[in-house]
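Colleague: According to the numbering used here, the sequence shown is numbered sequentially starting from 405.
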Amino acid sequence: MGLEPLRQLALDKDVKQSSDYASDGGFPYGADKAADGDRFNFSTTSGKDAQPWWQVDLGSVADLERVDVYNRSDCCADRTKDYYVLVSDEPFTGTLADQLTKPGVWSHHETAQAGGPTAIPVAAHGRYVRVWLASEKPVELNMSEVEVYGRARS
Ligand SMILES: [Ca+2]
405 MGLEPLRQLA
415 LDKDVKQSSD
425 YASDGGFPYG
435 ADKAADGDRF
445 NFSTTSGKDA
455 QPWWQVDLGS
465 VADLERVDVY
475 NRSDCCADRT
485 KDYYVLVSDE
495 PFTGTLADQL
505 TKPGVWSHHE
515 TAQAGGPTAI
525 PVAAHGRYVR
535 VWLASEKPVE
545 LNMSEVEVYG
555 RARS
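(1) Within the continuous alpha helix (DSSP H) that includes Asp502, where are the two ends?
(2) Excluding sequence positions up to five away, which residues of its chain have a Cβ less than 6 Å from the Cβ of Cys514?
(3) In the DSSP output, what is Asn565 paired with across the bridge?
(4) Is Glu549 near ligand 1 - that is, is its Cβ less than 6 Å away from at least one heavy atom of it?
(5) Considering only residues of the same chain and omitting the five flanking positions on each side of Ala528, which have a CB-CB separation below 7 Å?
(6) Assuming Arg555 contacts Ala466 under a Cβ cut-off of 8 Å, what Cβ separation, rounded to an integer in Å, is found between them?
(7) Can you tell me the Cα-Cα spacing of Asp493 and Val550, whole angstroms?
(8) Below 6 Å, is the gap between the Cβ of Asn475 and the nearest heavy atom of ligand 1?
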């Protein structure tokens, strides 16, 4: 039995974010914009919540190797810094602090501003991947894409 191939598992999967940025003329900055394969659009939270987050449900548990976080590239990249990437088999519940002490939750803290991309090595299995800003002050979380590389379990 060989290894399953390494794939980008987040594309077009179920996503959500802690809040949505309201704008005139429709809603162009939904959570789906960070998992649609287009690095020129972006997702944005409302800017009114502290510790905003974005997450993807991969649909099933996979063995993960890397998460690539692509920051928004046209503006406002300084918002996406000092963040955690979390991986879990189970849905996330509670606060960021709760998750960081919860058994079975893998986490990585990245202090630097996200790049294009920032590649985060992951050594964990999981179904849910969340990017969570640590900021206690309300701020927008904006990202152009989050790519999750791993191997499906056969
Ligand atoms: Ca995108």
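The beta carbon of each residue, even a glycine, is placed where N, CA and C say it ideally should be.
Modeller: Quick look at the numbers:
(1) Residue numbering aside, residue 502 sits at position 98 when the sequence shown is read from its first letter. Note, Asp502: alpha helix (DSSP H), Leu500 to Leu504.
(2) In the sequence shown, residue 514 corresponds to position 110, counting from 1. According to the sequence shown, residue 514 is Glu rather than Cys. Result list for Glu514: Tyr487, in chain order.
(3) Residue 565 is absent from the model: the chain starts at 405 and stops at 558.
(4) Taking the sequence shown and counting its residues from 1, one reaches residue 549 at position 145. Checking every heavy atom of ligand 1 against the Cβ of Glu549, one is found closer than 6 Å.
(5) The residue you call residue 528 lines up with position 124 of the sequence shown. For Ala528, where only same-chain residues beyond five positions count, the Cβ hits under 7 Å are Leu468, Val491 and Trp510.
(6) Start at 1 with the first residue of the sequence shown, and residue 555 comes out as number 151. Start at 1 with the first residue of the sequence shown, and residue 466 comes out as number 62. Contact flag correct, Cβ pair sits at about 6 Å.
(7) Taking the first residue of the sequence shown as 1, we reach residue 493 at position 89. Taking the first residue of the sequence shown as 1, we reach residue 550 at position 146. One C-alpha to the other measures close to 18 Å.
(8) Residue numbering aside, residue 475 sits at position 71 when the sequence shown is read from its first letter. In this structure, Asn475 has its beta carbon at no less than 6 Å from each heavy atom of ligand 1.
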